[in-house]
Each structure stands twice: as structure tokens, then as C-alpha cells.
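Chemist: Here it is, the structure, as C-alpha cells.
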Amino acid sequence: MGVSRPSLREALQKLSARGMLVSKRGGGTTVTERLNPTLEDPLLELISSSPDSHADVLELRHAIESLGALITRPSDERTRTLAT
1 MGVSRPSLRE ALQKLSARGM LVSKRGGGTT VTERLNPTLE DPLLELISSS
51 PDSHADVLEL RHAIESLGAL ITRPSDERTR TLAT
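According to the numbering used here, the sequence shown holds residues 1 to 84 in order.
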């Protein structure tokens, strides 16, 4: 795979330090059964713990996406500049 052993060892150590891997003597290294809650999607926990929050998350997403579309829409002047 073109990766040196020291680089691989360092990556494994960093993943272990973050709680993503578990190393056992004589048992090898495995991925943890459940990731640290800080690494999981916090919105999933919010939605599952509070059904009313689902609508709030969708409303926020709609607002962010609408604003993003508005910002990326070029003005008439910008369109003319790009056309030349």
C-alpha cells in the first residue's frame, strides 16, 4: 500500500488515543464497538432524545441551505463579467 511501518504505527497510536481502536496484547488491534460520543453525530442524539427537535433541525437546515443558495447565486453584473 506504499505506507511505511512508522507512519502506520503513528496512525494506529493516534486512533487508539482517540478511543477509536483497542489494542490487546496477543489479540491485535480492533475497532471499538461504539465510538466515543463526542465523535458521533450530535444531531442524531438530539433527534432521538427529543422528537420535537426533528422539525427544528429541518428548519435550520432549510435556512442554511437557502442562505447558501442566495450567496452563491451570481449577480447580473458578475454574470456579464463571466460571459466576457
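All C-beta atoms, glycine included, are put in the ideal place defined by N, C-alpha and C.
This one's a predicted model, so the numbers in the text were calculated from it and none came from an experiment.
Measure the beta-carbon distance from Ser53 to Leu44 and round it to whole angstroms, keeping in mind my assumption that it falls under 8 angstroms.
Modeler: Locating residue 53 in the sequence shown gives position 53, where the first residue counts as 1. Locating residue 44 in the sequence shown gives position 44, where the first residue counts as 1. Rounded, the Cβ-Cβ distance is 11 angstroms, inconsistent with contact.
Chemist: Provide the residue span of the alpha helix (DSSP H) that contains Ser66, from first to last.
Modeler: Along the sequence shown, one-based indexing puts residue 66 at 66. Element bounds for Ser66: Ser53 to Thr72.
Chemist: For Gly19 and Thr32, which I take to be in contact (beta-carbon distance under 8 angstroms), what is that distance rounded to the nearest angstrom?
Modeler: As a first step, residue 19 is located in the sequence shown; it is residue number 19 there, counting from the start. As a first step, residue 32 is located in the sequence shown; it is residue number 32 there, counting from the start. Between Thr32 and Gly19 the Cβ distance is about 6 angstroms, and since that is below 8 angstroms, they are a contact.
Chemist: Could you give the residue range of the beta strand (DSSP E) that holds Thr81?
Modeler: To locate residue 81, count along the sequence shown from 1; it is residue 81. Note, Thr81: premise wrong, no beta strand (DSSP E); alpha helix (DSSP H) at Asp76 to Ala83.
Chemist: If you reduce the DSSP assignment to three classes, tell me which class Ser7 lands in.
Modeler: Sequence index remark: in the sequence shown, residue 7 carries index 7 (1-based). Three-state result, Ser7: helix.
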